[in-house]
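Read the structure below first, then the notes.
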Amino acid sequence: MSSPQQRLSSIANQLTSPGAVSAKSKLLAKNPDDVVITLALRTPLTKARKGGLKDTTLDELLISLLTDVRERSKLDPNLVEDVCVGNVLAPGQAYIARSAVLAAGFPVTAAASVANRFCSSGLLAIQNIANQIIAGSIDVGIAVGAESMSTNPDNGAPELSDKITSHPIASQNKQPMGQTSENVASQFGITREMHDQFAAKSYQKAEHAQKAGWFNDEIVPVHTKVKDPKTGEVKNVVVDRDDGIRYGTTAESLGKIRSAFPQWKPSATTGGNASQITDGAAALVLMKRSRAQELGQPILAKFGGATIAGLEPRIMGIGPSIAIPKLLSKVGLTKDDIDIFEINEAFASMGTYCVQKLGLDESKVNPRGGAIAFGHPLGCTGARQVVTALSELRRQNKKVAVTSMCVGTGMGMAGIFISEA
Amino acid sequence: MLHFRTEGYNGCAVKYSPFFDNRLAVAGSANFGLVGNGRMYILELTPNGIVPVKWFTTQDSLYDLAWSEIHENQVLTASGDGSIKLFDCNLNDFPVQNWKEHNREVFSVHWNLVAKDRFCSSSWDGTVRVWTPDRPHSLVTLPTHSCTYSASFSPHSPDILSCVTSDSYVRLFDLRTPASASNHLTLQIPIHAAPVSPIPGKPGVPPAACPPSEALTHDWNKYRPSILATAGVDRTIRTFDIRAPQQGPQTVMVGHDYAIRKISWSPHLSNVLLSGSYDMTCRAWNDQSPPGVVGDVDSMRAGPSPTMGVEMGRMSRHTEFVTGVDWCMFGSEGWCASVGWDESLYVWDVRAVMG
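What follows is the structure in structure tokens.
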């Protein structure tokens, strides 16, 4: 017969084995080897070629933000082993990343790399750093997303070989993003009115958030120079707020804006219901929980995982509607377990579709507005959304946020974060 | 709500007598069944509450019991020392039969409701055995190769029996099949597998995030012969249609906070079942199937599965793990009994706890 110890352990197994604990409590549990976020900051997001950061190059933007990270984290810069910079457009990204890390006051021992998967680059940078920590490659790292669309304009797809342009699916990557938005609108019947309503809500939420001062929790000011386009005079300025949020925007006022892409039906996308072209950067400090506790670092949140999904490039906008269920099924949660969804508003078409398709509670989606209201600096967005989501979870005293974005060339990425602040 | 304290013995199972509407039996074990004696109580519901008529104390823990279907005074017990004992309430102290073939703890015994001269047992030793009361040795041994927490004959057939095991399978045996290498095993349903897509070539629904975990209990529906329910460590009750095992669970009932130790379908209603869990609650569930159905349902006409069952009410009087629940067959529907590690037997009406 079995010994009392064997009987006891068989019952103990019934209480503790995998499956015995709910997926949510597993995700909320605090384990020493969790990857945690100890600092999350972003610069203001300002309009490309018009806003306060229009003359700030990517390296200057990075140096400013990384200097703030170094100072505000109160972390010994010698402990930072790697910095991963999510960036889409800058030529010579790798030179810029490593140089900016050094110029921001980190020692030569701090390495740097770049991550580029279009609009998900910022989240990819977080995942890269987190994975390195999980694998034991590094102990402490910084994930950054940064884009200067003023100084590095998006020129679309390069010349591609015949094998691609004649391939039925690969050739879709020649389509500009605007066209993919119209494809989503036409294929899924998203009307112009739905576009404008979605966009107006983004503006209204962002206006409320800005007036209530919610963004102050996320933003570190940038000291930089601006050149007056008329006089050529260069002024020192402090940029400390998002400048894309047009107050008093309504669906009616957006309805007057003319279509941006009359050449592609249904031509429902306009300058008012698509994301703005913007400059900005965001950064997060990541480390193991045990290390954070050792160093006395404040633990803001736990990284719960991330995933990527692919789909037809011609409707790349609906990526989140595939990536979010994939992520939730991986961690064993339902949409009802999630307190905030921070979904990038590349276009109102995909935003409307994803919210409808996933049946999300609208009050949980982008509670501070999104890229339509204050901009979408491509490489920055993935990291920016996490900064925003964590701040909003803190404000609402909630726990779990999912962030997701559609990715050009037909992908969707999603990540899950658990607030502990 | 009536209460009886099984002092010194932590309850492990409770069953109503199939012959008398006021009689029930409780199996209990000292020290939570880890070490020490077992005791089987014969109790009667009287105007003065629950009164013990008789008890039998055994050397090792008792984990389950079953009333004889042919003799109104006889009760089977499943013991930690691997033995199965048949007690007669008219006699004192000692069993009238003692079968000792299992090599480890016997976790369940169940009497055949159709062929009433048979019963089965299941054990930690990875076997299910079929017995007849008047033979000293088992009739058949059915290997499962995995700790088997629960075995049960179908209430609709004399020859079909099922069991659930710690490897997360439902196994079905049909004793009419010829003796062969398969040992009468006719069906194996993986409890935690994703359903197979009905369209060939298409990938199925992506597997849910539920790794296999131990199944602790199961029960056959009393009205729908092809439906059985399982539950266990993953806190989830699932119903399966044995005619369409590849479809996966028909209904999923989620809500318990810890492992579910015992489930029992209502003898009165085809869509109601009762569960007892380590979370110290008993809960009544509706599997959302149409009420009043007797016989097989056309599963092709059902909507997409699985559906979510609905919790109808819960009883939270127990202060320790609930280990046994049973419905009363007599009188009005709704009366049931529950036992737990808090040394308590409660007899109560499910309708009183429904919201």
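Quick mapping for you: the protein sequence lines, in order, are chains A and B.
Numbered according to my numbering, the first sequence spans residues 1 to 421.
Numbered according to my numbering, the second sequence spans residues 422 to 776.
Virtual Cβ for every residue (Gly too), placed ideally from N, Cα, C.
Everything numeric in this text was worked out from a predicted model, so none of it was measured.
Exercise. Does any C-beta atom of chain A lie closer than 8 Å to the C-beta of R704(B)?
Worked result: no
Exercise. Does any C-beta atom of chain A lie closer than 8 Å to the C-beta of D655(B)?
Worked result: yes
For this session: Anything in chain A within Cβ reach of W762(B), meaning under 7 Å, just list it in chain order.
Result: Around W762(B), no beta-carbon contact reaches into chain A at under 7 Å, the shortest distance being about 10 Å.
For this session: Please list, in chain order, all residues of the same chain as L466(B) whose beta carbon is under 6 Å from its beta carbon, the five residues on each side excluded.
Result: N443
For this session: Spell out whether any CB of chain B is found under 8 Å from the CB atom of M1(A).
Result: yes
Exercise. When DSSP labels each residue in this structure, what does A630(B) get in the three-state scheme?
Worked result: With a pLDDT of only 47 at A630(B), under 50, the local geometry of the prediction cannot be trusted, and the value read off the model is given with reservation. In this structure, DSSP gives A630(B) a state outside helix and strand, which the three-state scheme calls coil.
Exercise. Between which two residues does the beta strand (DSSP E) carrying I63(A) extend?
Worked result: Unbroken run through I63(A) is the alpha helix (DSSP H), 58-73; no beta strand (DSSP E).
Exercise. Around the Cβ of Y767(B), are there at least 16 other Cβ atoms within 10 angstroms (buried) or fewer (exposed)?
Worked result: buried
Exercise. Can you tell me whether N273(A) is buried or exposed, with buried defined as 16 or more other CB within 10 angstroms of its CB?
Worked result: Per the 10 Å Cβ criterion, buried.
Exercise. Does the beta carbon of S634(B) come closer than 8 Å to any beta carbon on chain A?
Worked result: At a cut-off of 8 Å, the C-beta of S634(B) has a neighbouring C-beta in chain A.
Exercise. So is L8(A) in contact with chain B if we call contact Cβ pairs under 8 Å?
Worked result: yes
Problem set entry | Exposed unless 16 or more other CB atoms sit within 10 angstroms - verdict on S500(B) | By the 10 Å Cβ count, S500(B) comes out buried.
Problem set entry | Under 7 Å by beta carbon: chain B residues contacting P4(A) | L455, V456
For this session: Could you say which of N31(A), S9(A), A212(A), V35(A) lies nearest to M287(A) if we only look at CA atoms?
Result: V35(A)
Problem set entry | Cβ shell of M733(B) (< 7 Å), same chain only, five flanking positions each side left out | A705, W706, N707, M775
Exercise. Taking C-beta to C-beta, are L358(A) and C119(A) nearer than 8 Å?
Worked result: no
Problem set entry | Those runs of the beta strand (DSSP E) which lie wholly inside the region 92-122 of chain A and span at least 3 residues | 111-115
Exercise. So, does the CB of L483(B) fall closer than 8 Å to a CB anywhere in chain E?
Worked result: The question asks about chain E, but that chain is absent: this structure's protein chains are A and B.
Exercise. Taking Cβ positions only, does G19(A) come closer than 8 Å to chain B?
Worked result: yes
Exercise. Run through DSSP, which three-state label would I491(B) get?
Worked result: In the three-state reduction of the DSSP assignment, I491(B) falls in the coil class, being assigned neither a helical nor a strand state.
For this session: Classify K50(A) as helix, strand or coil using the three-state DSSP reduction.
Result: DSSP places K50(A) in the coil class of the three-state scheme, outside both helix and strand.
Exercise. Taking only beta-carbon atoms, is G232(A) less than 8 Å away from chain B?
Worked result: Chain B contact via Cβ: absent.
Exercise. Between I340(A) and the rest of its own chain, which residues show a CB-CB distance below 7 Å, the 5 nearest in sequence each way excluded?
Worked result: The residues are K364, P367, A389, E392, L393, K398, A401.
Exercise. What residue from L41(A), G51(A), E218(A) has the CA that sits closest to V69(A)'s CA?
Worked result: L41(A)
Exercise. Residue range of the alpha helix (DSSP H) that H195(A) falls in?
Worked result: 192-211
Problem set entry | Minimum Cβ-Cβ distance from L15(A) to chain B less than 8 Å | At least one beta carbon of chain B lies nearer than 8 Å to the beta carbon of L15(A).
Exercise. Since E342(A) is in the beta strand (DSSP E), which residue starts that stretch and which ends it?
Worked result: 340-343
Problem set entry | Enclosing alpha helix (DSSP H) for F188(A) [first to last residue] | 177-188
Exercise. Can you list, in chain order, the residues of the region 684-708 of chain B whose Cβ is nearer than 7 Å to any Cβ on chain A?
Worked result: Y699
For this session: Reducing DSSP to helix, strand and coil, say where E294(A) ends up.
Result: Of the three classes helix, strand and coil, the one that applies to E294(A) here is helix, per DSSP.
For this session: Taking R659(B) and P646(B) to be in contact with their CB atoms under 8 Å, please state how far apart those CB atoms are, rounded to whole angstroms.
Result: With 8 Å as the limit, R659(B) and P646(B) do not qualify as a contact, their Cβ atoms being about 18 Å apart.
Exercise. By Cβ distance, which residues of its chain are closer than 7 Å to A157(A), with the 5 residues on each side in sequence left out?
Worked result: N173, K174
For this session: Measuring alpha carbon to alpha carbon, tell me which of S161(A), T57(A), Q263(A), K30(A) ends up nearest T151(A).
Result: The shortest C-alpha to C-alpha distance from T151(A) to any of S161(A), T57(A), Q263(A), K30(A) is the one to T57(A).
Exercise. Hey, out of S148(A), N116(A), F261(A), A111(A), whose CA is closest to Q132(A)'s CA?
Worked result: A111(A)
Exercise. Given that G501(B) touches chain A, what residues does it touch there, using C-beta distances under 7 Å?
Worked result: M1, listed in chain order.
For this session: Note down the Cα distance separating P557(B) from H523(B), rounded to an integer number of angstroms.
Result: 13 Å
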